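Residue numbers (the working numbering): 198 to 660.
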């Protein structure tokens, strides 16, 4: 039995050795690699263009002005205009309501009568004062005349006395010869004229200038009261705000008594509408700012004057309708949570056609920014993950580059430069060939078949 076991082990060992020997001495198998066919791809030649920037946004329409219609005087409404109804259109400063004005007319007449009465008093005072002034002037003239007559009589007396002395008849002469009665009469005349002047001056002093000044002040105050009553009378006609608009809602009608604090209606402007549109901070630089540049002192320059066009669209009644507006201004603050800027678009004449662009309407907007100059438009389907694109060089080999994008939207990526896998940055060139086909597992340098002969101008080789 032991002999049989040894024989079995020997047979197994010999078989194993024979198998190992044959495996070690086997001939080498010849490997066959089939030739790799070029990848069939679509391509496009790049062209340098100016890309028109369009920023999508959305918002709600609001009136550029909302104003309450409030009377400035109290009274009962006696009449309303046809436009004074909900939905009614009115012109700028159009009369909308009329209040009972009888009390205001009476107050105006009373104020006017007071002014006239005071003016008559002032005129009489001026006449009286003028007559007293004339009396003083006349008394002064009479006094001057009497004093001149007295001087003349004194001169005659001196001449008469001198003549009598020459004749040695002075002592025997009569008072008449010495001109004494004439001197006495002239002195009496001077005294009378002096008394008249004193009386005239006293009468004039009894009417001082302050009386006339007081009357003038009273007239000014009466005229102010008259102006106020006239203004109140005008205000019994309640007018629309200083813009063309529409009545949004009203709370008063004929027969109601109103006060200056009563809001009769709410009006909205219809000359143009506004839309508040959000714009990401990253895209604001593509817009022409309508705002002036202001320094710390409040001084500023005008804006560039270039208006940014906005296309407004809304679905009304199942149909698409469009309007054209422009960016008028930007809001002063950036939203802290979303970092969105807000621009205000102005749409003129929102009620100029049917359907109207009404207050509160939700709209979509396309904001036309400044075009990006001298760039290349890359279709989205040609852009791989990580912004990589495949370019075809002059040997029809794929070269992998990463786009340095300036703009992107759902259809395109805009770029001027690309970066290689080694970090080298270069400018894109006119007529470079871009691979449009989404080639899975393509390696850098793979051959492609674009169905054409090699183009004259091709992309440079990759790094």
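All C-beta atoms, glycine included, are put in the ideal place defined by N, C-alpha and C.
A quick note: this is a predicted structure, and the numbers were derived from the prediction, not measured.
Residue 301 - DSSP class collapsed to helix/strand/coil: Your numbering for residue 301 matches position 104 in the chain shown. When secondary structure is reduced to three states using DSSP, residue 301 falls in the helix class.
Residue 287 classed as buried or exposed, judged by whether at least 16 other C-beta atoms fall within 10 angstroms: As a working note, residue 287 is residue 90 in the chain shown. With 16 or more other Cβ atoms within 10 Å, it is buried.
Terminal residues of the beta strand (DSSP E) in which residue 527 lies: The residue labelled residue 527 in the question sits at position 330 within the chain shown. Residue range 516-527 is occupied by the beta strand (DSSP E) that includes residue 527.
Member of 628, 550 and 563 whose CA lies at the smallest distance from the CA of residue 480: What you label residue 480 is simply residue 283 of the chain shown in a count that begins at 1. Of the candidates 628, 550 and 563, the one whose C-alpha sits nearest the C-alpha of residue 480 is 563.
Residue 256: first and last residue of the uninterrupted beta strand (DSSP E) it sits in: By 1-based counting over the chain shown, the position of residue 256 is 59. It spans 251-260 - the beta strand (DSSP E) in which residue 256 sits, taken as one unbroken run.
Closest residue to residue 268 among 257, 298, 370 and 246 (Cα-Cα distance): Your numbering for residue 268 matches position 71 in the chain shown. If we check each option's Cα against that of residue 268, 298 comes out closest.
Beta-carbon spacing of residue 282, residue 444 below 8 Å: Counting from 1 along the chain shown, the entry for residue 282 is found at position 85. Counting from 1 along the chain shown, the entry for residue 444 is found at position 247. Contact flag set, yes.
Beta-carbon proximity check, residue 608 vs residue 577, cutoff 8 Å: What you label residue 608 is simply residue 411 of the chain shown in a count that begins at 1. What you label residue 577 is simply residue 380 of the chain shown in a count that begins at 1. Yes, the Cβ-Cβ distance between residue 608 and residue 577 is below 8 Å.
Bridge partner(s) assigned by DSSP for residue 321: What you label residue 321 is simply residue 124 of the chain shown in a count that begins at 1. In the DSSP output, where bridge partners are listed per residue, residue 321 has none listed.
Residue closest to residue 476, alpha-carbon to alpha-carbon, out of 333, 239 and 251: Here residue 476 corresponds to residue number 279 of the chain shown, with the count starting at 1. Among 333, 239 and 251, the Cα nearest to that of residue 476 is on 251.
Alpha carbon of residue 470 to alpha carbon of residue 431, nearest angstrom: By 1-based counting over the chain shown, the position of residue 470 is 273. By 1-based counting over the chain shown, the position of residue 431 is 234. Answer to the nearest angstrom: the Cα atoms are 31 Å apart.
Per-residue burial, residue 622 [other beta carbons within 10 Å of its own, 16 or more giving buried]: Within the chain shown, the letter at position 425 stands for residue 622. Here residue 622 is exposed. Its C-beta has fewer than 16 other C-beta atoms within 10 Å.
Backbone secondary structure at residue 476 - three-state DSSP: Against the chain shown, residue 476 aligns to sequence position 279. Three-state DSSP puts residue 476 in a strand.
The beta strand (DSSP E) enclosing residue 576, as first and last residue numbers: For the purposes of this step, residue 576 is taken as the residue at position 379 of the chain shown. Annotation for residue 576: the continuous beta strand (DSSP E) segment containing it runs 569-576.
Opposing strand residues paired with residue 264 [DSSP bridges]: Along the chain shown, one-based indexing puts residue 264 at 67. Its beta-bridge partners are 464.
Residue 351 to residue 380 span [Cα, whole Å]: Counting from one through the chain shown, the residue named residue 351 turns up at place 154. Counting from one through the chain shown, the residue named residue 380 turns up at place 183. Those two C-alpha atoms are separated by around 6 Å.
8 Å Cβ cutoff, residue 625 in contact with chain C: The chain labelled as chain C is not found in the depicted structure, where only one protein chain is given.
Span of the beta strand (DSSP E) around residue 539: Position 342 of the chain shown holds residue 539. Start and end: 537-545.
Nearest-angstrom Cβ-Cβ length linking residue 600 and residue 580, presumed shorter than 8 Å: Translated into the one-based positions of the chain shown, residue 600 becomes position 403. Translated into the one-based positions of the chain shown, residue 580 becomes position 383. Contact between residue 600 and residue 580 holds, with the beta-carbon distance rounding to 7 Å and staying under 8 Å.
Alpha-carbon spacing of residue 335 relative to residue 389, whole angstroms: As a first step, residue 335 must be located in the chain shown, where it is residue number 138. As a first step, residue 389 must be located in the chain shown, where it is residue number 192. Linking residue 335 to residue 389 through their CA atoms gives a straight-line distance of about 13 Å.
CB contact flag (residue 274, residue 462, <8 Å): Indexing the chain shown from 1 puts residue 274 at position 77. Indexing the chain shown from 1 puts residue 462 at position 265. Cβ distance not < 8 Å, so residue 274 and residue 462 don't count as in contact.
Cα-Cα separation, residue 369 to residue 361: Taking the chain shown and counting its residues from 1, the one referred to as residue 369 is at position 172. Taking the chain shown and counting its residues from 1, the one referred to as residue 361 is at position 164. Rounded to whole angstroms, residue 369 to residue 361 spans 9 Å at the Cα level.
Counted within 10 angstroms of its Cβ, other Cβ atoms place residue 651 as buried (16 or more) or exposed: One-based indexing of the chain shown puts residue 651 at position 454. Confidence is the limiting factor: at residue 651 the pLDDT is only 47, short of 50, which leaves the residue's position unreliable and the question unanswerable from this model.
Length-filtered (3 minimum) beta strand (DSSP E) runs lying within the segment 360-447: Counting only runs of 3 or more, we get 434-436 and 442-447.
Through-space distance from residue 612 to residue 597, alpha-carbon basis: Locating residue 597 in the chain shown gives position 400, counting from the first residue. Locating residue 612 in the chain shown gives position 415, counting from the first residue. So the alpha carbons of these two residues sit roughly 15 Å apart.
For residue 606, the nearest candidate out of 584, 513, 509 and 294 (CA to CA): Working through the chain shown from its first residue, we reach residue 606 at position 409. Of the candidates 584, 513, 509 and 294, the one whose C-alpha sits nearest the C-alpha of residue 606 is 584.
Exposure of residue 559, with buried meaning 16 or more beta-carbon neighbours within 10 Å: Reading the chain shown from its first residue, position 362 is the one you call residue 559. It is exposed - the Cβ of residue 559 has fewer than 16 other Cβ atoms within 10 Å.
Inter-stretch contact (C-beta, 8 Å, three-pair minimum) for the segment 503-522 and the segment 545-560: Yes, the segment 503-522 touches the segment 545-560.
Nearest-angstrom beta carbon gap, residue 429 and residue 270 [assumed within contact, 8 Å]: Taking the first residue of the chain shown as position 1, residue 270 is located at position 73. Taking the first residue of the chain shown as position 1, residue 429 is located at position 232. About 5 Å; that satisfies the 8 Å criterion.
Cross-strand partners of residue 631 (DSSP beta bridge): By one-based count along the chain shown, residue 631 stands at place 434. Partner(s): 241 and 588.
For residue 328, the three-state DSSP class (helix, strand or coil): Here residue 328 corresponds to residue number 131 of the chain shown, with the count starting at 1. Three-state DSSP puts residue 328 in a helix.
Residue from 624, 646, 419 and 625 with nearest C-alpha to residue 634: Reading the chain shown from its first residue, position 437 is the one you call residue 634. Per the Cα distances, 646.
Nearest residue (CA-CA) to residue 342, options 387, 421 and 455: The sequence position of residue 342 within the chain shown is 145, counting from 1. The option with the nearest alpha carbon to residue 342 is 387.
Beta-carbon proximity check, residue 265 vs residue 433, cutoff 8 Å: Sequence index remark: in the chain shown, residue 265 carries index 68 (1-based). Sequence index remark: in the chain shown, residue 433 carries index 236 (1-based). Result no, Cβ atoms of residue 265 and residue 433 do not sit closer than 8 Å.
Beta-carbon spacing of residue 326, residue 409 below 8 Å: In the chain shown, residue 326 corresponds to position 129, counting from 1. In the chain shown, residue 409 corresponds to position 212, counting from 1. Between residue 326 and residue 409, the C-beta gap is smaller than 8 Å, which places the two residues in contact.
For residue 616, the residue or residues it bridges with in DSSP: Indexing the chain shown from 1 puts residue 616 at position 419. Looking at the DSSP output, residue 616 sits in a beta bridge with 599 and 622.
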